[in-house]
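S.K.: I'd like to ask you about the structure that follows.
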Amino acid sequence: MKILVLNCGSSSIKYALYNMDDKTVITSGGIEKIGLPDSFINIKLNGQKTKIERPIEEHTAGVQFIFEVLTTGEHAVLHDLNELDAVGHRMVHGGEKFNQSVLLTPEVMAAFEACNDLAPLHNPANIKGVNAVKALLPEIPQVGVFDTAFHQTMPDYAFMYALPYELYRNYGVRRYGFHGTSHRYVAQRVCEYLGVKAEGKKIITCHIGNGASIAAVKDGQCVDTSMGLTPLEGLIMGTRSGDIDAGAVTFLMDKLNLDTKGVSDLLNKKSGLAGVSETSSDFRDILAGVAAGNDQCRLAKEMYTYRIKKYIGQYAAAMGGVDIILFTGGAGENQWEVRDGATKGLEFMGVKMDAAKNQACRATEAIISADDSKVTVCVIPTDEELMIATDTMALV
Numbered sequence: 017m018k019i020l021v022l023n024c025g026s027s028s029i030k031y032a033l034y035n036m037d038d039k040t041v042i043t044s045g046g047i048e049k050i051g052l053p054d055s056f057i058n059i060k061l062n063g064q065k066t067k068i069e070r071p072i073e074e075h076t077a078g079v080q081f082i083f084e085v086l087t088t089g090e091h092a093v094l095h096d097l098n099e100l101d102a103v104g105h106r107m108v109h110g111g112e113k114f115n116q117s118v119l120l121t122p123e124v125m126a127a128f129e130a131c132n133d134l135a136p137l138h139n140p141a142n143i144k145g146v147n148a149v150k151a152l153l154p155e156i157p158q159v160g161v162f163d164t165a166f167h168q169t170m171p172d173y174a175f176m177y178a179l180p181y182e183l184y185r186n187y188g189v190r191r192y193g194f195h196g197t198s199h200r201y202v203a204q205r206v207c208e209y210l211g212v213k214a215e216g217k218k219i220i221t222c223h224i225g226n227g228a229s230i231a232a233v234k235d236g237q238c239v240d241t242s243m244g245l246t247p248l249e250g251l252i253m254g255t256r257s258g259d260i261d262a263g264a265v266t267f268l269m270d271k272l273n274l275d276t277k278g279v280s281d282l283l284n285k286k287s288g289l290a291g292v293s294e295t296s297s298d299f300r301d302i303l304a305g306v307a308a309g310n311d312q313c314r315l316a317k318e319m320y321t322y323r324i325k326k327y328i329g330q331y332a333a334a335m336g337g338v339d340i341i342l343f344t345g346g347a348g349e350n351q352w353e354v355r356d357g358a359t360k361g362l363e364f365m366g367v368k369m370d371a372a373k374n375q376a377c378r379a380t381e382a383i384i385s386a387d388d389s390k391v392t393v394c395v396i397p398t399d400e401e402l403m404i405a406t407d408t409m410a411l412v
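Just so it is clear: in the sequence shown, position 115 is 131 by the numbering used here, and no numbers are missing.
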């Protein structure tokens, strides 16, 4: 079975073609800068990367270009599109309507579109991708895999905000969480890797990248997560502030004469590592700044890892302990300094790191805690695309 996975953003489309007989990636890539004159596609095939520039005005043309690359020319891997069995889509915000992956019927799409207010930048782009495939391959099954679905098992006392209840009843204002497909994949995979069952295990999954979130997973189900109504809440991120006093937000709106869009830009695009360091949103650049003696980079690094450590402590308390802590995502998989800073001082709860293992581990499955650590600390590279492909195969 061949399944195409699409992740459609507002100006980009990432794709991966899977052979689900052995769960391997045949080819992958992505289109960027849709709607701009310098748009292009990156293609990864047989270990080689190729960039092709072409004006791509909108998402249907982008999906058409991907289909063209898959079936014609030197990068072709299919004789024709009839070899595709299904298309799986990353869908960002399913609200309370979707707690699992589903076939994308007209009724499902209408319910998903009703969630647009909760993710105005992401959901409309997801819809464009689905419609683009439908226009080009009207009969092919399409499946939606929702970022928010894994977190729908949270109890109400964990997902509710202490606001007037009518705001939840009328507008759905609550914590939803994101990165759910990644958290679900790594929570399952770490149990396979360690040879244990999810039942009876308390796992803290740390997805640390430019966007970052943590989830508490008990008996294989999410019981809490750090992102909220939007991806802004929780950890410090590349350009997002994470947790902040709401009073500080209104104070800044008054002082800086900001409207809602202005304060959203401030908190989502100008804060986080970039805002504190005044250097970069990339943790690698922050580390370079620390090495060069930049004190704001030092401050950004310490704030960043301290916030992760606080959430680990919170979720250990919420679950009554922790058996496994895992790191995933770009920085979580590749930056030992993040893992070191986030676990330093957690010896009181049974975490004992092996510094040599931690520093040697980069983007590979590994145990980085000491042999006598009561809590197992791991690195598990995420694979959201494979999770989407697997769900798609199961449904079709």
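Note that beta-carbon positions come from the ideal geometry of N, C-alpha and C, so glycine has one too.
Helix, strand or coil: how does DSSP classify residue 218 here?
M.R.: Reduced to three states, the DSSP call for residue 218 is strand.
S.K.: With 16 other CB atoms within 10 Å as the buried threshold, where does residue 172 fall?
M.R.: By the neighbour-count rule (16 or more Cβ atoms within 10 Å), residue 172 is not buried but exposed.
S.K.: Within 10 angstroms of its Cβ, does residue 371 collect 16 or more other Cβ (buried), or is it exposed?
M.R.: Per the 10 Å Cβ criterion, exposed.
S.K.: Can you confirm whether the segment 40-56 touches the segment 75-92 when touching is taken to mean that 3 or more C-beta pairs between the two stretches lie within less than 8 Å?
M.R.: Result yes; three or more Cβ-Cβ pairs closer than 8 Å.
S.K.: At a cut-off of 8 Å, would you count residue 337 as near the ligand ATP, judging by its Cβ distance to the nearest heavy atom?
M.R.: As far as ligands go, the structure on display features none, and thus does not contain the ligand ATP.
S.K.: Inspect the beta-carbon positions of residue 33 and residue 93 and report whether they are closer than 9 Å.
M.R.: Taking 9 Å as the Cβ cut-off, residue 33 and residue 93 qualify as a contacting pair.
S.K.: Restricting to Cα atoms, I'd like to know which of 320, 238, 50, 329 is closest to residue 291.
M.R.: Ranking the options by Cα distance to residue 291, first place goes to 320.
S.K.: Please name the residue in 228, 336, 19 whose C-alpha comes closest to that of residue 246.
M.R.: Nearest option by C-alpha distance: 228.
S.K.: In whole angstroms, give me the CA-to-CA distance for residue 396 and residue 271.
M.R.: Taking the straight line joining both Cα atoms gives about 44 Å.
S.K.: Where do the ends of the beta strand (DSSP E) carrying residue 35 lie?
M.R.: Per DSSP, residue 35 belongs to the beta strand (DSSP E) from 29-35.
S.K.: With DSSP as the reference, label residue 24 as helix, strand or coil.
M.R.: Correct three-state label for residue 24: strand.
S.K.: With residue 415 as the anchor, note down where its alpha helix (DSSP H) starts and where it stops.
M.R.: A question about residue 415 goes unanswered here, because the residues of the chain that appear run from 17 up to 412.
S.K.: Could you pull the DSSP bridge partners for residue 385 from this structure?
M.R.: Its beta-bridge partners are 369.
S.K.: Please classify residue 64: is it buried, with 16 or more other beta-carbons within 10 angstroms of its beta-carbon, or exposed?
M.R.: Exposed: under 16 other Cβ atoms inside 10 Å.
S.K.: Where do the N-terminal and C-terminal ends of the alpha helix (DSSP H) with residue 182 fall, by residue?
M.R.: Here the alpha helix (DSSP H) through residue 182 covers 181-187.
S.K.: Could you say if the segment 171-185 and the segment 304-311 meet the contact criterion of at least three C-beta pairs nearer than 8 Å?
M.R.: Touching, no, given that fewer than three Cβ pairs across the two stretches are closer than 8 Å.
S.K.: Using DSSP's beta-bridge definition, name the partner residues of residue 341.
M.R.: The partner list for residue 341 (beta bridge, DSSP) reads 220, 393.
S.K.: Starting from residue 48, follow its DSSP beta bridges and name the residues at the other end.
M.R.: The partner list for residue 48 (beta bridge, DSSP) reads 56.
S.K.: Taking a contact to mean a Cβ-Cβ separation below 9 Å, would you say residue 21 touches residue 103 in this structure?
M.R.: Taking 9 Å as the Cβ cut-off, residue 21 and residue 103 qualify as a contacting pair.
S.K.: May I have a chain-ordered list of the beta strand (DSSP E) segments no shorter than 3 residues that lie completely inside the segment 298-346?
M.R.: Segments of the beta strand (DSSP E) lying fully in the segment 298-346: 340-344.
S.K.: May I have the straight-line CA-CA distance separating residue 140 from residue 131, to the nearest angstrom?
M.R.: In a straight line, the C-alpha of residue 140 is about 10 Å away from that of residue 131.
S.K.: Return the first residue and the last residue of the beta strand (DSSP E) that residue 296 is part of.
M.R.: No beta strand (DSSP E) contains residue 296, which DSSP labels as neither H nor E.
S.K.: Considering residue 39, what are the terminal residues of the alpha helix (DSSP H) in which it resides?
M.R.: From DSSP, residue 39 is part of no alpha helix (DSSP H); its letter is neither H nor E.
S.K.: Locate the alpha helix (DSSP H) running through residue 200, then write down its first and last residues.
M.R.: Residue 200 -> alpha helix (DSSP H) spans 196-210.
S.K.: Just to confirm the assignment, what range does the beta strand (DSSP E) spanning residue 80 have?
M.R.: No beta strand (DSSP E) holds residue 80; the alpha helix (DSSP H) holding it covers 75-87.
S.K.: Which residue comes first and which comes last in the alpha helix (DSSP H) that contains residue 404?
M.R.: Looking at the DSSP string, the run of the alpha helix (DSSP H) that includes residue 404 is 400-411.
S.K.: Alpha carbons only, please: which of 69, 41, 59 is nearest the one belonging to residue 53?
M.R.: Selected option, being the one with the closest Cα: 69.
S.K.: Using the Cβ count rule (16 or more neighbours within 10 Å means buried), how would you classify residue 95?
M.R.: Exposed, because fewer than 16 other Cβ atoms sit within 10 Å of the Cβ of residue 95.
S.K.: Tell me which residue opens and which closes the beta strand (DSSP E) that residue 107 is part of.
M.R.: Counting along the chain, the beta strand (DSSP E) containing residue 107 begins and ends at 102-107.
S.K.: Tell me the rounded alpha-carbon separation between residue 239 and residue 300.
M.R.: Computed Cα separation, rounded: 32 Å.
S.K.: Excluding sequence positions up to five away, which residues of its chain have a Cβ less than 7 Å from the Cβ of residue 253?
M.R.: Result list for residue 253: 226, 227, 228, 288, in chain order.
S.K.: In terms of residue numbering, what span does the alpha helix (DSSP H) encompassing residue 239 cover?
M.R.: Where residue 239 is concerned, there is no enclosing alpha helix (DSSP H), although the beta strand (DSSP E) it sits in stretches over 237-241.
S.K.: Between which two residues does the alpha helix (DSSP H) harbouring residue 267 extend?
M.R.: Start and end: 262-272.
S.K.: Is residue 407 closer than 9 Å to residue 159 when the C-beta atoms are compared?
M.R.: Cβ atoms of residue 159 and residue 407: closer than 9 Å.
S.K.: Under 9 Å, do residue 147 and residue 106 count as touching if we go by C-beta distance?
M.R.: The answer is no: Cβ separation not under 9 Å.
S.K.: Can you grab the Cα-Cα spacing for the pair residue 387 / residue 368, in whole Å?
M.R.: Residue 387 and residue 368: Cα-Cα distance of roughly 9 Å.
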